[in-house]
Each structure stands twice: as C-alpha cells, then as structure tokens.
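Here the sequence shown is numbered in the working numbering, starting from 64 and rising by one per residue.
All C-beta atoms in this analysis are idealised placements derived from N, C-alpha and C, irrespective of residue type, glycine included.
Read through the structure below, which is laid out as structure tokens, and then see the notes.
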Amino acid sequence: MNKRKKNFSSGVNVGSSSILVTFVLLCLVTFAALSFVSANSDYRLSRQSADRMGRYYEANRMAEVYLLNIESQIKQSVDNCSSEKEFLDGLDTVFADNNSIEAINLDGKIVLNYSVAITDKQNLEVTLETNYADAKDDLPFTITKWQAVSSFAEEDLDTENNAGLLF
Numbered sequence: 064m065n066k067r068k069k070n071f072s073s074g075v076n077v078g079s080s081s082i083l084v085t086f087v088l089l090c091l092v093t094f095a096a097l098s099f100v101s102a103n104s105d106y107r108l109s110r111q112s113a114d115r116m117g118r119y120y121e122a123n124r125m126a127e128v129y130l131l132n133i134e135s136q137i138k139q140s141v142d143n144c145s146s147e148k149e150f151l152d153g154l155d156t157v158f159a160d161n162n163s164i165e166a167i168n169l170d171g172k173i174v175l176n177y178s179v180a181i182t183d184k185q186n187l188e189v190t191l192e193t194n195y196a197d198a199k200d201d202l203p204f205t206i207t208k209w210q211a212v213s214s215f216a217e218e219d220l221d222t223e224n225n226a227g228l229l230f
C-alpha cells in the first residue's frame with residue numbers, strides 16, 4: 064500500500080511542475096508578443112513623425128525660395144523707384160501676373176501672401192509687409208506670419224459628416 068501512495072504522490076509533483084513550466088512559457092510568449100506589437104507601433108509612429116517633419120522642412124525650404132525671389136523683385140523695384148509712392152504703385156504691377164503670390168494694398172503698405180502645401184490638408188502660410196527701404200542693406204519687408212495651417216474646407220467637413228447618410 065505504501066508503494067501506491069508513493070507513486071501517486073510523485074506523479075502529482077511531475078504534473079504540477081509541467082503545468083508551471085507551461086504557464087511560464089505561455090507568459091513569456093505573451094510578453095514577447097506584446098513587446099513586438101509595442102515596438103512595431105513605436106516604429107510606425109516615429110516613421111510617420113519623420114515623414115511629417117520631412118514634408119514640413121521641404122515646404123519651409125520652398126517658402127524660403129519664394130521669399131528670396133520676392134526679396135530680389137522688391138529690391139529691384141526699390142532701385143528703379145525714386146519715391147515711396149512710386150514704389151508702392153510699382154509693386155502692384157510687379158506681382159500682378161504671379162498666381163501664387165497675392166498682393167494687397169492696405170493703407171499705404173503692400174501686404175504679400177503666399178502659401179506652400181505641406182500635405183493635402185496642411186499649408187505653410189506666409190505674410191509679408193513691404194517696407195520702402197532707402198538703405199541697400201535694409202530688408203524691404205517684414206515677415207508677419209510664417210505658420211503651418213490646416214486647410215480643411217467646409218465642403219470637406221460636410222462630405223465627411225454626411226458620408227454615412229442615405230437620402
């Protein structure tokens with residue numbers, strides 16, 4: 064009778080240790096899967112962030128190219144003018160043919176607006192106020208706005224809100 068109890072008790076110990084090892088392996092596999100999913104999610108997020116920043120810096124570079132072209136055109140206009148009134152009247156004609164730069168005459172100052180697309184839903188908007196500078200080293204403008212702005216139209220919002228509705 065002792066032999067039966069001895070064999071029975073040793074069998075229970077082997078089974079409990081197997082269950083314990085199986086549980087530990089299951090926990091390790093679960094933690095490994097969670098770590099992989101978390102790392103993959105972090106990688107995708109950092110990739111998206113890097114892509115977004117790259118698009119912003121490309122738009123910023125293009126805005127600076129526009130700025131250099133505007134600066135050269137304004138300085139050329141200043142060199143050809145003898146008075147501030149002649150300068151302001153001449154700037155309207157300088158930027159009249161340009162579709163991407165908007166020139167607005169506000170109380171004796173010309174305000175130039177342009178935007179560069181960052182994504183299809185975001186633009187980098189730039190606003191400049193022109194200055195009549197007599198000295199050759201003065202900047203002929205003041206930057207009043209250099210900002211990334213969402214470009215959602217009201218029609219886009221209406222389309223998104225009514226996408227699931229049937230009439």
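- In its chain, beyond the 5 residues on either side, 147, 150 have a beta carbon closer than 6 Å to the beta carbon of residue 195.
- DSSP places residue 172 in the uninterrupted beta strand (DSSP E) bounded by 172-182.
- Assigned with DSSP and collapsed to three states, residue 187 falls in strand.
- Where residue 169 is concerned, the enclosing beta strand (DSSP E) starts and stops at 165-169.
- By DSSP's assignment, residue 208 forms a beta bridge with 190.
- According to DSSP, residue pairing for residue 213 in a beta bridge involves 185.
- Spatial neighbours of residue 143 in its own chain (CB-CB distance under 8 Å, excluding positions within 5 residues in sequence) are listed in chain order as 153.
- Assignment of residue 86 by DSSP, reduced to helix, strand and coil, places it in the helix class.
- By the criterion of a C-beta distance shorter than 6 Å, residue 157 is surrounded in its chain by 136, 140, once the five residues flanking it on both sides are discounted.
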